[in-house]
Each structure stands twice: as C-alpha cells, then as structure tokens.
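Worksheet for the structure shown next.
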Amino acid sequence: MRKFFVIYFALFLVLFAVGCNGDNTVKLESLTLNRENFTIVVDETAQLSVTAQPKGASARVNWNSSNPEVATVSDTGLVTGKSPGKATITATSKVDSKISVSVEVTVTELSYDDPESLEITTRDSMALHSTFSITFEVFPKTAKQEVEFSSSDETVATVSENGLVLAKGLGTTTITVTVVANPEISRSFTLEVTESGDITKPTSIVINGEREVEEGGTIQFSATVYPLGVNQDVIWSLNSETYATISENGRLTALKQGSVYVIATSAVDDNVMEMALVTIKAKKAEEPYPDLEQYVIKIMAASQATHEHDPFLEKYVGVDKAAKQQIWRAVEDNFNCKLEVIAYPDAAPWGPQRVSWIIQKATTGEAEADIFVAASEWTKELVEGGACYDLSEYYHQYGKNQMSNALKAAATYKGGIYAFPAVSAASINVEKGIFYNVNLLTSLGIESPAIAFNEGRWTYTDFYNYMLEVQSKLGDEQYAITGEPSKYWIGMVNAGGVKLADTITLSVNVLHQYSFQAAEVLRDLYEAGAWDPASDSWEVTTAFSESRAVFQHGEYWFVKTDNRFKPNLWGDGTTKYGFVPFPYPNGFAKSATRTYNAGGHFYILGKGREYPSNVTAKDIYRAYTTVLLETKQYLEQDQSFDEEQQMRNQAQSRLDDPDSIEALLFFGPDKAIFDPIELLDPLWKGGSLGGALRSVVFSGDDFHETLAPHIPRLEIELMNTYG
Numbered sequence: 005m006r007k008f009f010v011i012y013f014a015l016f017l018v019l020f021a022v023g024c025n026g027d028n029t030v031k032l033e034s035l036t037l038n039r040e041n042f043t044i045v046v047d048e049t050a051q052l053s054v055t056a057q058p059k060g061a062s063a064r065v066n067w068n069s070s071n072p073e074v075a076t077v078s079d080t081g082l083v084t085g086k087s088p089g090k091a092t093i094t095a096t097s098k099v100d101s102k103i104s105v106s107v108e109v110t111v112t113e114l115s116y117d118d119p120e121s122l123e124i125t126t127r128d129s130m131a132l133h134s135t136f137s138i139t140f141e142v143f144p145k146t147a148k149q150e151v152e153f154s155s156s157d158e159t160v161a162t163v164s165e166n167g168l169v170l171a172k173g174l175g176t177t178t179i180t181v182t183v184v185a186n187p188e189i190s191r192s193f194t195l196e197v198t199e200s201g202d203i204t205k206p207t208s209i210v211i212n213g214e215r216e217v218e219e220g221g222t223i224q225f226s227a228t229v230y231p232l233g234v235n236q237d238v239i240w241s242l243n244s245e246t247y248a249t250i251s252e253n254g255r256l257t258a259l260k261q262g263s264v265y266v267i268a269t270s271a272v273d274d275n276v277m278e279m280a281l282v283t284i285k286a287k288k289a290e291e292p293y294p295d296l297e298q299y300v301i302k303i304m305a306a307s308q309a310t311h312e313h314d315p316f317l318e319k320y321v322g323v324d325k326a327a328k329q330q331i332w333r334a335v336e337d338n339f340n341c342k343l344e345v346i347a348y349p350d351a352a353p354w355g356p357q358r359v360s361w362i363i364q365k366a367t368t369g370e371a372e373a374d375i376f377v378a379a380s381e382w383t384k385e386l387v388e389g390g391a392c393y394d395l396s397e398y399y400h401q402y403g404k405n406q407m408s409n410a411l412k413a414a415a416t417y418k419g420g421i422y423a424f425p426a427v428s429a430a431s432i433n434v435e436k437g438i439f440y441n442v443n444l445l446t447s448l449g450i451e452s453p454a455i456a457f458n459e460g461r462w463t464y465t466d467f468y469n470y471m472l473e474v475q476s477k478l479g480d481e482q483y484a485i486t487g488e489p490s491k492y493w494i495g496m497v498n499a500g501g502v503k504l505a506d507t508i509t510l511s512v513n514v515l516h517q518y519s520f521q522a523a524e525v526l527r528d529l530y531e532a533g534a535w536d537p538a539s540d541s542w543e544v545t546t547a548f549s550e551s552r553a554v555f556q557h558g559e560y561w562f563v564k565t566d567n568r569f570k571p572n573l574w575g576d577g578t579t580k581y582g583f584v585p586f587p588y589p590n591g592f593a594k595s596a597t598r599t600y601n602a603g604g605h606f607y608i609l610g611k612g613r614e615y616p617s618n619v620t621a622k623d624i625y626r627a628y629t630t631v632l633l634e635t636k637q638y639l640e641q642d643q644s645f646d647e648e649q650q651m652r653n654q655a656q657s658r659l660d661d662p663d664s665i666e667a668l669l670f671f672g673p674d675k676a677i678f679d680p681i682e683l684l685d686p687l688w689k690g691g692s693l694g695g696a697l698r699s700v701v702f703s704g705d706d707f708h709e710t711l712a713p714h715i716p717r718l719e720i721e722l723m724n725t726y727g
C-alpha cells in the first residue's frame, strides 16, 4: 500500500509541475524587429513587428517612442512620422520587462516642385441638398497637392476645405479652386442648383441572390428598386416552372438540373423589370466525414447567453431544441468530435474590450475557442486585426446558400465572407425597432402603436402625432420617447427602403430627402418636450428602466435578456414589453416598408488556435455548420412543423402585446435590408453620425451643414470595405 502511495504522490508532483508551467512553457530569451534603422517622411507610416526567441515564447510587447513629437507608435507597432527629427522606437516584453529591442527612425520633410497647372472635376448642375466632391490634381505630380476652394454665392452652394460641395439653395454660383503654393493658378466653373428629382417612379431593379443551386436546394432572392426611396415591392416570377418554383416573397426551390430566369417586376410599374439567370446543378455526393479524433470544438458566447447556443441547457428556448440535440450528437459521432459551448471570460466584456481581447488572443496564438459569437458590427475590426478566417470557400462548399442577402452582406468585408449566422427554421426577420412599456402605455388609455402599424397608419406624421398624444397624458419628468436620435433616424430612413450606405451603388445617402424628413420629425418631438433630454445610454436609458419613458429604440434580442431589457425590469411577473417598427415616410404604403436585419450576432471562425495535425479550420466550420443546417432541414421536412406558428411562439416568449407580434411577423426575409452605416461609422465614437444627429435633434443645428462634412470619409470607408 505504501508503495502505491509513493507512486501516486510522485505522479501528482509531476502533473502539478506541468500544470504550473502550462501558461508559458517556453521562456523568452530575446526579441528581434522586422527592420533596422529606417527613414520616413512626415505623415508616412511604417509597420514594425516583433519576433520572439526561442520559437513558442511570448511576443507580446509594449511599444514606446522616445520623441512622440517626431514619431508616434501605436499599440500594434504602427509608426507615424509627425515632424522632422529622430526618435527611438522601443518594444518591451510584457512577460519580462528586462527584455526589449529598439530601432531609430528618422523623419524628413518631403520636398516639392513648383506648381505649373491644375486640373479639377466640374459639374454643370446638381439637385438641391445634394453633394458632390471636387477632385483635383496639381501638376507636375511632384508639386504639393494643396488647394483652396471657394463659392461666389454661399446661399446657393458651399464648398468645404476638402472640396465637398453642398447645394443649399436654388440659383447659380461660381466655384473656384486655387493652388496654395501659387494663387495665380486656379480653375473655376459655374454651377446651377435645381429642384430635387422625382423619387416616386422606379427606373431600375437589382436582383440580389446566389446564381447557382443544387437540385432540391433553395435560394432566397431580394430586390433593390432604384432610385432609393421608391416603392420597393416587386412581383417574382420565372420564365419556366419546369426546373424551379418561386414564392411570392422570392424564395426559389430548385426541382431538377437546368437553367431558369428569375424575374423581378416593379409592383407599381410593370415596365420596370430585371432578370437573373440561375443554374441548377446535380446534387453532389456527400463527402466522407473527417475523423477529428475527439477534438473538442469550443463555441464561446456571452456568459448570460450560453443557453441561446447550447440546446442541452435547460434555458434553451429555441423551437429547434429537440432536433438540434439530435443533430448535435449525430455530428459528434460522424466527425468523432465534441461540441462545447463556453462563456467569455471576465477579461472580455461586451464591446470594444471583447473585440480587442479576441484580436490579442488570435495574434499571440492563445485563442481560447474555435468559434466566437460576435456582433455583426465587429466584422471590420476583427478582420483587420487578423482574428478570423475568410470563410468564402467553406461557405460555397458547405453553406448551401443559407444566408439571406442581408445576412451575407453583413458578413462580407472586402469581398470575403468572415462570419456565418445561426440560421434556423422559423427565424425572426427583424433585428431593430422601437420597444415600449405595455403597462405604462395601457395606464394612459392609448391604443397600442402596433395597431396603427398593422392598419397602415404609421407614417412619419402618424408617429409624430402619436408621440405627442402619449406625451400629453404623462406627468412631470416623464417622456414619450428616450434614447439616441441616430438610432431612430437610421431605422426611419431604412423603413423607407433607403440604405444610408448602399453596397450596390457604393453611394452614401445621408442627405436623402427621407433622411432630412426623419431628422425633422425627431427634432420637432424634442422641441415639443416629448423626448427625454438625458437619453443617457445606448442600451437601456435610466428613464426607460425607471418607467419614466414609454418608448426606447433597441434590438429584438434585448427583450427579456438579463443585461438589456430585463424580464423583471418593471416588477416580477408584471413587466410587459411591446414592439412597433420604425415609421415610414409620408405617402408610403405599409406594404412597401422595410426593416434592417444583419443577423445581430454571428459566429466567426477564430484564428490563433493550435489544431492537432488531423484537424483543420475547414473541418471546424463544416462540423458546426452541419449542426445548424441539418437542424433547419430536419424541421423543414417535418410535416408537423408549422413555421409560422413557431415564429409566433418565439415572438410570444419576448413580447406581451398580441398586436406587436403581428407587426413583428409582417416582415419576411424579402422585406429585410442591409445598411452597413453603423459598421462603417460606429455611432458611439466621437466625430460620428451619432454625435451629428444629437446636434441636429437636441441643439437645432442645420441638418445639411452638419451631416455633409461626414460624406467624404463615409464614401472612402464604403469603398474600402465593399468596393
């Protein structure tokens, strides 16, 4: 017995020693940089990176510049020249501050040749309240590219220091561009500002959707009708139903091999139509499953939301619980793996800190999961931070066209697909809207706004009058509406079928007439005293949580979620939530309104994970995608499965007003649009549209003058991201 005890004790000591060194098994000896002393000019950048020796040691460092006035260095090692001089850039190990490495950077001033001539873009006319950017080039190209802009009549049009022309009034003005280095060199043109064009008549249609599908497969099509702001309704048809069928909301079902034309015709003008050729291919034989040798695929979600992803948890409320449990176990058997949902650690709270944590873990090869639940607006930062895989190849091979056009657009960055949604049967197609305190509203004796929406009485003017009526019944320090103006503004513009950032035409539409009209309504509500002046949170304002405000913007998943619109926010067992879509423009029909849906939360396949030799990122994607798609397919093939009723059941688990549920279910996948404006321009950041709309609504600043300066940077972001 004593002999066995000694053996076990010795084994314990060995395991304990290994465990204690598990965080860092390779001791850092030195660091090297990717470049030696170098020279850059003012405003030029250079990227530094560090390699740790020996291999496997931590390469995490802190960056520092000895002279930030000459050159700065970011947390990622990006050096920027600021002024002529020299600076020493030092990288110091985060695990051993005694180990560092340095390099000297010399910053010089760029020299220029004398300017000789100037070329500019011109325009004869433009519509009232529209904008265009003057581009210019000073010759020779080695001359300094610096000019000044002016307008002879700023009541007609103004020009910003960056060359953005804003049409302010009807009439004619002369725009002049002058070379700073030699004011004798200039160019001018005459510009006429005219009335805005007619946006009531459709002129063209773009069909969105995949162009290939296997036999038995489906494609969800959607259409964008131009110009933006016209009725977006289309009638779907095929040139032949021999090879496929298509539903009234654009869902194509492939019957057999062949080709078919999908036709979208404007519902208000049958002379405006578009066709798209779809090829139906033979169904592929199923690939053999890879043997992952009991690898544990870890899916990381917020601690309060693991039950939304793990079907074996008691709190999982998805309609697919039983089916998902069955498919989950089948995938574990077929792939010889384990699937495990784990929680984000406290070091990765919601928002920017979580994004930074994911990126840091990926870049240091210390990723703690294979798949991460991430918000759609994080895609750009995660991709640029090298934290996730491009899934384009995997999606086309295994995704089976199961992302709607809006969801696919939201997952796309610079042509690559970097995320995939939790596709499921009976999915709700609304992501954002206006939510309200049912009990507080009922106490005022006012009908549900969802009734007004369902009956087609929810235009901008209807919304304004409704909120004034609510306010008239409230007491001191109580408000009809609370929250961030920009959130309502975007929702109201999207409700008119207008994308503030259009990924198809690569246009920025923040000055669209619906944008202006929506902002005016919001401003009028504030001036009427119906808006909570504090509006102190992007998530849940104090006034809403204290039952001092009836309405607040939000996302569908917020409702009855512990860290947003809590189930007991206004009392245990008595809290009741309602929903109403954002109002649509005057003159619009309810049938033509649209809603934003980018999926809310996505899964990303994270980098920085050490896979065994028999496991690849492709295998991980395939395994978990199989869970999602086969669960959906299982339910859709179940004759007893009632998709509409299941959607209704889901809605009833969050909303307590029957009319709100009807309003929510009005939106099918064909009525959802993707507008990346918040991805391009996070509203909570300084200098964003969020602050601009606060100035317009709360301070009365001029709408066009306040928003126009944002257009050039948004156009650049849009082009860089989707161009």
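Residue numbers (the numbering used here): 5 to 727. For glycine and all other residues, C-beta sits at the position ideal for the given N, C-alpha and C. Quick caveat, the model's predicted, so the values are computed rather than measured.
Residue i, DSSP secondary structure in three states
i	result
residue 147	strand
residue 509	coil
residue 622	helix
residue 715	helix
residue 27	Annotation note: pLDDT 44 at residue 27 (below 50); position unreliable, no value reported.
residue 381	helix
residue 173	coil
residue 90	strand
residue 643	coil
residue 116	coil
residue 638	helix
residue 724	helix
residue 397	helix
residue 425	strand
residue 267	strand
For residue i, the first and last residue of its enclosing beta strand (DSSP E)
i	result
residue 130	129 to 131
residue 193	190 to 198
residue 51	49 to 51
residue 224	222 to 224
Identity of the residue in the options nearest residue i by Cα
i	options	result
residue 634	361, 400, 335	335
residue 44	86, 30, 61, 654	86
residue 392	411, 366, 412, 398	366
residue 662	453, 506, 232, 79	453
residue 40	108, 481, 133, 400	108
residue 101	464, 586, 65	65
residue 82	88, 94, 90, 139	94
residue 190	182, 516, 331	182
residue 293	619, 125, 583, 184	619
residue 593	235, 117, 425	235
residue 611	369, 359, 301, 59	369
residue 600	125, 504, 96, 567	504
residue 595	272, 407, 490	272
residue 471	209, 515, 555, 676	555
residue 139	125, 623, 131	125
Test item: CB-CB of residue i and residue j under 9 Å
i	j	result
residue 553	residue 441	yes
residue 99	residue 32	yes
residue 561	residue 484	no
residue 602	residue 410	yes
residue 419	residue 674	no
residue 225	residue 295	no
residue 127	residue 169	yes
residue 307	residue 348	yes
residue 263	residue 247	yes
residue 242	residue 512	no
Range covered by the alpha helix (DSSP H) that runs through residue i
i	result
residue 447	442 to 447
residue 412	409 to 414
residue 521	517 to 531
- [ ] Enumerate, from N- to C-terminal direction, the unbroken alpha helix (DSSP H) stretches of 4 or more residues contained entirely within the stretch 283 to 359.
- [x] Taking 4 residues as the shortest admissible run, the stretch 283 to 359 contains the following complete alpha helix (DSSP H) segments, listed from N- to C-terminal end: 325 to 339.
Task: Completely contained alpha helix (DSSP H) runs for the stretch 533 to 615, where each covers 4 or more residues - done: Within the stretch 533 to 615, the complete alpha helix (DSSP H) runs of at least 4 residues are 546 to 549.
TODO: Mind listing, in chain order, the continuous beta strand (DSSP E) runs of no fewer than 3 residues lying wholly within the stretch 455 to 507?
DONE: Runs found: 483 to 486.
Task: alpha helix (DSSP H) segments (min. 4 residues) lying fully within the stretch 683 to 709 - done: Within the stretch 683 to 709, the complete alpha helix (DSSP H) runs of at least 4 residues are 693 to 703.
Task: Ranges of the alpha helix (DSSP H) found wholly within the stretch 651 to 685, counting only runs of at least 4 - done: Uninterrupted alpha helix (DSSP H) stretches at least 4 residues long and entirely within the stretch 651 to 685 occur at 662 to 669, 681 to 684, given in chain order.
Open item on the list: Report the start-end ranges of each beta strand (DSSP E) in the stretch 228 to 264 that is 3 residues or longer and not cut off at the edges.
Closed with: The qualifying runs are 238 to 242, 248 to 250, 255 to 258.
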